[in-house]
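Student: Just dropping this structure here.
2 protein chains.
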Amino acid sequence: MRRSKFNIQIIAKILGVLLIIEAAFMLTALPFSAYYGTNNIFEFKLFSSNNDFWPLVISSVIAAAIGAYLFFTARNASKVISKRDGYIIVSLVWVITSIVGALPFFLSGAIPNYSDAFFETISGFTTTGATILTDVEAMPKGLLFWRSTTHWIGGMGIIVLSLAILPFLGIGGMQLFIAEVPGPTPDKLHPRITQTAKRLWGIYVLLTAAETILLMFGGMNLFDGLCHAFGTMATGGFSTRNASIAAFSPYIQYIITLFMILAGTNFTLHYISLHGRIKDVWKNEEYRYYIYSIAVATILIASTLTLIHHGDIEKSFRDSIFTVVSIITTTGFITVDYLIWPNVLWFIIFLLMFVGGSAGSTGGGIKIVRQLLLFKNSLLELKRLMHPQAIIPVRMNNRPVSQDIIFNVLAFFLIYMIIFAIGTFVMSIIGLDFESAIGATAATLGNIGPGIGLVGPVGNYSEIPLFGKWFLSFLMLLGRLELFTVLILLSPAFWKR
Amino acid sequence: MRRSKFNIQIIAKILGVLLIIEAAFMLTALPFSAYYGTNNIFEFKLFSSNNDFWPLVISSVIAAAIGAYLFFTARNASKVISKRDGYIIVSLVWVITSIVGALPFFLSGAIPNYSDAFFETISGFTTTGATILTDVEAMPKGLLFWRSTTHWIGGMGIIVLSLAILPFLGIGGMQLFIAEVPGPTPDKLHPRITQTAKRLWGIYVLLTAAETILLMFGGMNLFDGLCHAFGTMATGGFSTRNASIAAFSPYIQYIITLFMILAGTNFTLHYISLHGRIKDVWKNEEYRYYIYSIAVATILIASTLTLIHHGDIEKSFRDSIFTVVSIITTTGFITVDYLIWPNVLWFIIFLLMFVGGSAGSTGGGIKIVRQLLLFKNSLLELKRLMHPQAIIPVRMNNRPVSQDIIFNVLAFFLIYMIIFAIGTFVMSIIGLDFESAIGATAATLGNIGPGIGLVGPVGNYSEIPLFGKWFLSFLMLLGRLELFTVLILLSPAFWKR
C-alpha cells in the first residue's frame with residue numbers, strides 16, 4: 003500500500019466525470035416530461051409538483067456544473083489509483099450521485115421533503131426499489147422516467163463494480179467469482195476495467211433493449227417498457243404503477259420473470275453464452291444452485307397456492323415463480339401480496355431475502371456463491387472432525403478454494419448478520435413493530451425493496467420516521483457496496499498514514 | 003481413527019452405569035413424595051395423578067434393571083473408547099436417560115401423554131426448562147423434585163461433557179476453552195476425565211448447597227430451595243411455582259441472579275478462584291465480556307424500565323438484571339413478562355437468546371467465546387483487506403488462535419443459524435405464527451426455555467402440536483450437545499467402515 007496521502011485529485015476527477023454522465027442521463031427524461039406533461043414547458047416553474055421539465059433541466063445543469071468544476075480543477079491528476087482511493091471513490095460515487103440525483107424530485111415539489119427525495123434516489127441507484135411514494139401514478143412522467151433511470155445507472159455501476167473493481171480490492175471473495183468461471187482462458191473477460199466494462203455494458207444494453215421490445219409486444223408503451231426494463235435489468239423494482247406488475251397481463255409478468263432471472267445471473271455467463279459456449283454455463287456451480295433454488299421454492303409455493311386457488315395451476319405457478327424470482331434476485335417487483343399467504347409461504351419468501359442473486363449480477367444480498375461456500379464448508383467440518391489430520395479444502399467448480407477467500411466470505415456473512423441485528427434493533431427503537439423492523443432491515447440491506455410488515459408488498463416506506471429513512475439509506479449503501487467497501491472507511495486504521 | 007466396528011460393549015456398559023445412577027437419583031424424590039403426598043404410600047397405585055410414590059419406585063426399578071442388564075452383559079468390555087464411540091455414547095445418553103426419565107410422569111398419569119412426558123424430561127436433562135405444564139403447582143411434589151433433579155443431573159453431564167469430553171472430540175473449538183484459561187500450569191485441570199469430573203462436580207455440589215442454604219435463609223423450605231438451586235446451577239429454569247421466581251421475594255430474586263451468573267461462568271474459573279487466583283479470573287477474556295454483556299444489557303433495559311415504572315429504580319434494576327441474566331445464561335427463570343415491555347426491550351432479550359453463557363459452564367446457546375472469536379475475526383478482516391500480504395491471527399487471552407479452531411467456530415455458528423432457520427420454518431409449517439415459531443426455535447435450540455410469542459414468559463409449550471414437540475425435543479438435544487455431536491451421527495461418512 004502506498005504510504006502517501008489520498009489522491010484527492012483523481013478522486014475529484016472521477017467524481018466529476020460521473021456527475022457529468024448523470025447530468026446527461028437526466029436530460030433523457032425531458033422528452034417524456036414534454037410529451038406527457040400538462041404544462042407549457044416554456045414556462046419556467048419550480049416547486050410545482052405537476053411540472054417536472056424545468057426541475058430536471060436545472061438539476062442537470064447543477065450536476066454538470068459541479069462535475070465540470072471537479073473535472074477541470076483536477077484534470078492533471080496522475081493516473082495512479084491506490085486501493086484506498088478506490089474505496090473512497092466507490093462509496094462517494096453512490097452518495098454524491100444520490101445527493102444530486104434527488105434534486106429533480108425535490109425541485110419539482112413532487113417529493114416536498116429532501117430526505118424523502120434522497121431516500122428515493124439512493125434506493126434507485128442502489129437498485130433497491132424501496133419507495134416512499136404512496137401514489138406513484140400521480141407523479142409526472144419525466145420524474146418517473148428519471149426514477150427508473152437511477153436503477154439502470156445503478157445496475158451499470160454494480161456490474162463494473164462487482165466484476166472489475168471489487169475483485170481488485172479483494173472484497174468478500176469477489177476475486178473468486180471471476181476466476182472460477184469455467185472455460186479455457188483464465189482472463190477471458192480481460193483484466194482491464196474499461197474493456198470489461200464495455201463488454202458487460204454491451205450485454206446489459208442488449209438485454210434491456212430486448213426486454214423493452216418484448217414488453218411493448220405485450221401492449222406496454224415505450225415509456226412503461228423502458229421504465230420496467232430498467233427496473234428489471236438492474237434488479238431494482240420501481241414500477242410506474244401503484245399495483246406494480248399486477249397492473250399488467252400474464253404475458254408481461256412472464257417476460258419480466260424471465261428477464262429478472264437473466265439479471266440475477268452472473269454477467270460473465272451471458273458473455274460466455276453469447277460466445278456460443280452455452281454448455282459451460284451449466285458447469286458453473288453458482289448458476290446451477292441459483293436455478294435449483296428458484297425451482298424448489300417455486301414448486302413448494304405453487305403447490306400450496308394451487309390448493310388455495312382451488313386448482314388454478316397457471317395463476318398459482320405464475321404468482322409463485324414471479325415472487326420467488328423477484329425476491330431472490332432482489333428486484334422487488336410485485337404481482338401479489340405474499341403477506342396474505344399462509345405463514346409458511348411468506349416465511350419462505352422471507353428466507354429468500356437472505357439469498358440474493360448471483361455474484362457478478364445486478365442482484366444484491368448475500369448471494370448464492372457465498373451461501374454455497376459457507377454451506378459446503380459447514381458440511382466439510384463434520385468430515386474434518388472425523389479426520390482431524392486430513393486437509394479438506396472446499397471445492398467450487400471442481401477447484402479448491404483458498405482459506406483466505408473462505409475467511410473473507412465468512413466474515414462477510416457474519417457482518418451481514420450483525421448489521422441485520424443492529425438494523426432491526428434501531429428500527430425497533432424508532433418505534434416499528436417487530437415484523438416491520440426485520441422486514442425493513444432485510445429489504446434495504448439486501449437491496450430488495452418490499453419487506454414484511456408495514457413495508458410489505460402493499461405498503462411503502464413513507465411512514466418510517468425521518469431518522470429511520472436516513473438509516474435505511476445507509477443500509478442500502480452498505481448492502482449494495484458489499485459491506486466492506488463502506489465499513490473500511492469507518493475503520494480508524496484506514497485513515498492512518 | 004480405528005477402522006474396526008463400533009465398540010458396542012463399551013457403549014452398553016457406560017449406558018448401563020448411567021441408567022443405574024439415574025435410578026438412584028429417582029429414589030431421592032421419594033422422601034418428598036412421602037412427606038407431601040396425600041395418599042397412603044403403601045397403597046400401590048399407577049396412573050393416578052395425585053400419587054407419585056409408586057410410579058417413581060417402578061420407574062427406578064425399570065431404569066436399574068435395564069442398566070444392570072446392559073452393564074453385566076458388557077462388563078468385560080475393553081477400556082478403549084474411540085472417538086466414534088464417544089459421539090454415539092454422548093448422544094445416546096441424553097436420549098435414553100430421557101426416555102426412561104419420562105416414566106415417572108407418565109406412569110403416575112400426571113402427564114397423560116408420553117410425548118409430553120418425554121418433552122418435559124429431555125427439556126430437563128438438556129437444562130432447557132421448556133415446559134408443557136399449564137399448572138405446575140398441581141403436580142405432586144415428588145414428581146416436581148424429580149423434574150428439577152433432571153436439570154441438576156443434566157448440568158453435571160454438561161460440565162463433564164464440555165470440559166472433558168468435547169475437547170477430546172474436537173467439537174466447536176472446545177479445545178480452546180480449556181487451553182486458554184490463563185495461569186501457569188498448562189494442564190491445570192488434569193487431563194484425565196475422572197479427575198476433572200470429580201473436581202468440577204465438587205464445585206457444582208458446593209455452589210448448589212450454598213445456594214440452597216441462602217434460599218432457605220430467604221424463607222424457602224428445603225424442597226423449594228433444592229428445586230430452585232438445581233434449576234439455577236444447571237441453568238435449567240424449571241420452577242415449582244406457576245409464577246416462576248415472581249412468586250418469591252426480591253432477596254430470593256437477587257440470590258438466584260447471583261447464582262445464575264456463577265452457573266453461566268466457565269467452571270474452570272471457579273476452580274481457579276477457589277485456589278486463590280482470583281486475579282487470573284478477570285484475565286479471562288470470555289469472562290470479562292460475559293460480565294460486560296450483562297452490565298450493558300441491564301443498564302439499557304433498567305434505564306428504560308425506570309421511566310415506565312415512574313422512577314422505581316430498584317424494581318427496574320431487579321427485573322432487568324434478573325431477565326438479562328436468566329436469558330444470557332439460558333436459564334429461563336421468570337420474574338416479569340418481558341413481552342409487555344416496549345418492542346426494543348424485548349428485542350434486546352431476543353438477541354440475548356443467541357448469546358448463551360460461557361463455554362465450560364452449564365449454559366447453552368452459541369456462547370460468549372464463540373461470539374467473541376467471530377466478532378474479532380470479522381473486524382480483522384477489514385485490516386486484512388488493507389494489508390493483504392500480512393498474516394493477522396485472531397488473538398484470545400493474548401494468544402493467537404489457530405485457523406482450524408476459527409473454522410470450526412464459524413461452521414458452528416453457521417450451522418446454528420441454518421438450524422434456526424429450518425426450525426422456524428418447520429414450526430411455521432405446523433401452524434405457529436411467525437413470532438412463536440422463531441421464539442420456540444430460539445428458546446429450545448439455545449436451551450433457554452421461554453421464548454417469544456405463544457411460548458413467551460407467561461406461555462408454555464402445551465399447545466404445540468405433537469410433531470412439533472418431538473421436533474423441539476430434537477432441537478434441545480442438538481443445542482445441548484453443541485450441534486456437531488449429534489449431526490456427525492447423521493452423516494453417512496460416520497457409518498462407513
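Going down the list, the protein sequences come from chains A and B. Counted the way this note's numbering counts, the first sequence spans residues 3 to 499. Counted the way this note's numbering counts, the second sequence spans residues 3 to 499. Ideal Cβ positions, reconstructed from N, Cα and C, are used throughout, including at glycine. In this text the structure is predicted, and so the values were computed from the model without any measurement.
Among the residues of its own chain, which have a CB less than 6 Å from the CB of G185 of chain A, if the five just before and after it don't count?
Tutor: Confidence in G185 of chain A is poor, its pLDDT being 34 and thus under 50, which makes the residue's placement too unreliable to answer from.
Student: By the 10 Å Cβ neighbour count, where 16 or more other Cβ atoms means buried, how is T187 of chain B classified, buried or exposed?
Tutor: Any reading at T187 of chain B needs caution, since the residue's pLDDT is 37, under 50, leaving its predicted position unreliable; the model's value is listed next. T187 of chain B is exposed by the Cβ-count criterion.
Student: To the nearest angstrom, report how far apart T392 of chain B and L171 of chain A are at their CA atoms.
Tutor: It is worth fixing the name first, because residue 392 of chain B is Ala in this sequence and not Thr. Going by the C-alpha atoms only, they are around 15 Å apart.
Student: With the cut-off set at 7 Å, would you say T337 of chain B and F324 of chain B are in Cβ contact?
Tutor: Closer than 7 Å, so yes.
Student: Compare the C-beta of A413 of chain B against all C-beta atoms of chain A and say whether one is closer than 7 Å.
Tutor: Chain A contact via Cβ: present.
Student: Smallest Cα separation from F319 of chain B: which of B:I301, B:F107, B:N223?
Tutor: The option with the nearest alpha carbon to F319 of chain B is B:I301.
Student: Restricting to Cα atoms, I'd like to know which of A:T364, A:L483, A:T242, A:A70 is closest to L224 of chain A.
Tutor: Cα-wise, what sits closest to L224 of chain A is A:T242.
Student: Tell me whether the region 50-59 of chain B and the region 341-355 of chain A touch, counting them as touching only if at least three CB pairs, one residue from each stretch, are closer than 8 Å.
Tutor: Contact between the region 50-59 of chain B and the region 341-355 of chain A is absent, because fewer than three Cβ pairs lie under 8 Å.
Student: Going by Cα to Cα distance, which pick from B:I12, B:L387, B:D339, B:V138 is closest to S493 of chain A?
Tutor: Measuring from the Cα of S493 of chain A, the nearest candidate turns out to be B:L387.
Student: How many whole angstroms separate the CB atoms of A361 of chain A and S164 of chain A, which I take to be in contact at a CB cut-off of 8 Å?
Tutor: With a Cβ gap of about 6 Å, A361 of chain A and S164 of chain A count as contacting.
Student: Counting pairs of Cβ atoms below 8 Å between the region 33-46 of chain A and the region 138-149 of chain A, do you hit three or more?
Tutor: With the cut-off at 8 Å, the region 33-46 of chain A and the region 138-149 of chain A touch.
Student: Give the secondary structure of R372 of chain A by DSSP, where H, G and I count as helix, E and B as strand, and everything else as coil.
Tutor: Correct three-state label for R372 of chain A: helix.
Student: Thinking just about the alpha-carbon of each residue, which of A:R372, A:Y273, A:F349 is nearest to the one in L341 of chain A?
Tutor: L341 of chain A has its Cα closest to that of A:F349, out of A:R372, A:Y273, A:F349.
Student: Using 7 Å as the threshold, is the C-beta distance between H311 of chain A and F240 of chain A below it?
Tutor: No.
Student: The alpha helix (DSSP H) spanning A442 of chain B covers which residue range?
Tutor: Where A442 of chain B is concerned, the enclosing alpha helix (DSSP H) stretches over 436-447.
Student: So what's R401 of chain B in DSSP terms, helix, strand or just coil?
Tutor: Correct three-state label for R401 of chain B: strand.
Student: With distance defined between alpha-carbon atoms, name the residue in A:M158, A:F27, A:I303 nearest to M235 of chain A.
Tutor: The candidate whose alpha carbon is nearest that of M235 of chain A is A:M158.
Student: Please confirm if N345 of chain B has its CB atom under 7 Å from at least one CB of chain A.
Tutor: Taking Cβ atoms only, chain A reaches closer than 7 Å to N345 of chain B, which makes this a yes.
Student: Using alpha carbons as the reference points, say which of B:S110, B:T99, B:A112, B:F108 lies closest to G126 of chain B.
Tutor: The residue with the shortest Cα to Cα distance from G126 of chain B is B:T99.
Student: So, helix, strand or coil for Q391 of chain B, using DSSP?
Tutor: Looking at Q391 of chain B - three-state DSSP - the assignment turns out to be coil, as it is neither helix nor strand.
Student: For I10 of chain A and chain B, any beta-carbon pair shorter than 7 Å?
Tutor: No, because no Cβ of chain B sits closer than 7 Å to the Cβ of I10 of chain A.
Student: Could you tell me the alpha carbon to alpha carbon distance between G313 of chain B and P252 of chain B, rounded to whole angstroms?
Tutor: Those two C-alpha atoms are separated by around 17 Å.
Student: Can you list, in chain order, the residues of its chain whose CB lies under 6 Å from that of K498 of chain A, leaving out five sequence neighbours each side?
Tutor: Excluding residues within five positions, none has a Cβ falling inside 6 Å.
Student: Determine the closest residue to G470 of chain B out of B:Y294, B:V428, B:F409, with distance taken between C-alpha atoms.
Tutor: It is B:V428 whose Cα lies nearest to the Cα of G470 of chain B.
Student: For a test of the three-state rule: what should DSSP assign to T267 of chain A, helix, strand or coil?
Tutor: Of the three classes helix, strand and coil, the one that applies to T267 of chain A here is coil, per DSSP.
Student: So, helix, strand or coil for N345 of chain A, using DSSP?
Tutor: Reduced to three states, the DSSP call for N345 of chain A is helix.
Student: Closer than 8 Å by C-beta to I205 of chain B: which residues in its own chain qualify, once you throw out the five before and the five after it? Chain order, please.
Tutor: Same-chain partners within the cutoff: F269, H272, Y273, L276.
Student: Have a look at A:N52, A:D87, A:L202, A:I254 and flag the residue whose alpha-carbon is nearest the alpha-carbon of L216 of chain A.
Tutor: Closest by alpha carbon: A:I254.
Student: Quick check: the region 437-448 of chain A against the region 397-409 of chain A, are at least 3 beta-carbon pairs closer than 8 Å?
Tutor: Verdict: no, contact absent.
Student: Please list the residues of the region 373-397 of chain A that have a C-beta atom closer than 9 Å to any C-beta atom in chain B, keeping them in chain order.
Tutor: If the cut-off is 9 Å between Cβ atoms, the region 373-397 of chain A has L376, F377, N379, S380, L381, L382, E383, L384, K385, R386, L387, M388, H389, P390 near chain B.
Student: Any contact of the region 363-376 of chain B with the region 413-420 of chain B, i.e. 3+ C-beta pairs under 8 Å?
Tutor: Touching, yes, given that three or more Cβ pairs across the two stretches are closer than 8 Å.
Student: Is the Cβ-Cβ distance between L202 of chain A and I161 of chain A less than 7 Å?
Tutor: The answer is yes: Cβ separation under 7 Å.
Student: Measuring alpha carbon to alpha carbon, tell me which residue in A:S305, A:I293, A:T306 is nearest I330 of chain A.
Tutor: It is A:I293 whose Cα lies nearest to the Cα of I330 of chain A.
Student: Taking the C-alpha atoms as reference points, what is the distance between R279 of chain B and V371 of chain B?
Tutor: Each residue's alpha carbon lies about 21 Å from the other.
Student: Closer than 7 Å, CB to CB, is I491 of chain A near chain B or not?
Tutor: Sequence check: residue 491 of chain A is Leu here, not Ile. Cβ-Cβ to chain B under 7 Å: no for L491 of chain A.
Student: At the 7 Å Cβ level, is S475 of chain B part of the contact set with chain A, yes or no?
Tutor: No, its Cβ sits nowhere closer than 7 Å to a Cβ of chain A.
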